Each structure stands twice: as structure tokens, then as C-alpha cells.
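Contents: one structure, followed by commentary.
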Amino acid sequence: MLKPNLSNDAMRFLKRRDGKQFLQIFQAITGLCDQPRPTDSISMGNGTHYRKDVGEFRVIYRFDDTIMWITVVGNRNDSAAYEEFDRKK
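Using the working numbering, the first residue of the sequence shown is number 546, and each one after it goes up by one.
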């Protein structure tokens with residue numbers, strides 16, 4: 546199992562969610578730590594980052610042999626998650 550490492554922005558986003566939304570995203574992140582390339586994840590750009598849709602949210606992440614870096618967690622219905630990801634590249 547990979548160890549999750551959330552960016553400060555991802556942590557702030559999670560802390561602002563209500564209990565149900567937080568749990569939904571948290572379970573998806575722990576699932577990604579067990580299986581970093583589920584069939585519904587999509588490679589982004591140069592293939593170092595991936596995205597996974599979690600209900601109405603989007604998780605953008607990358608991983609190596611030991612760590613899962615959660616770069617962005619954002620709303621799925623707008624481009625804000627992608628804009629934040631572009632700023633962090």
C-alpha cells in the first residue's frame with residue numbers, strides 16, 4: 546500500500562467538505578493507495594499524473610513505489626481543478 550501525501554491545497558479543500566463528501570473522497574484516496582491505476586483512472590498529459598472522478602469531485606495524483614502524491618482535489622463540473630493543476634506543474 547502506498548502512503549498518501551496530500552498537498553496543502555488538497556487538504557484545505559477536504560477540510561471544507563461536509564462529512565459525507567469528505568468520507569467519499571477519503572475512501573477514494575485510500576483505494577488509490579491500494580490500487581493506483583484503477584480502470585476508471587485516466588492518464589493526463591505526459592503520463593506522470595492521473596485523474597480519477599469521485600462523484601462530483603476530481604482527484605489528480607501521481608505515484609511512485611512508496612508514495613501517492615495527491616496534487617489537486619476539486620469540483621468535477623468546472624475547470625478549476627485543471628487550472629490549479631496547471632499552476633502546480
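Don't be surprised by glycine CBs; every beta carbon is placed ideally from N, CA and C. Given the structure is predicted, the values throughout are model-derived calculations rather than measurements.
Contact between V618 and F558 holds: CB atoms are separated by about 5 Å, below the 8 Å threshold.
Counting along the chain, D598 sits inside the beta strand (DSSP E) bounded by residues 594 to 599. One alpha carbon belongs to M589, the other to I574, and they sit about 18 Å apart. Where N553 is concerned, the enclosing alpha helix (DSSP H) starts and stops at 553 to 560.
Note that the C-beta distance between T593 and R607 is below 8 Å. If you look at G564, you'll find it in the alpha helix (DSSP H) that goes 564 to 579. In this chain, the beta strand (DSSP E) harbouring R607 covers 602 to 608.
V604 is the residue among V604, I612, R582, I570 whose C-alpha sits nearest the C-alpha of E629.
At the C-beta level, Q580 and V599 stay beyond 8 Å of one another.
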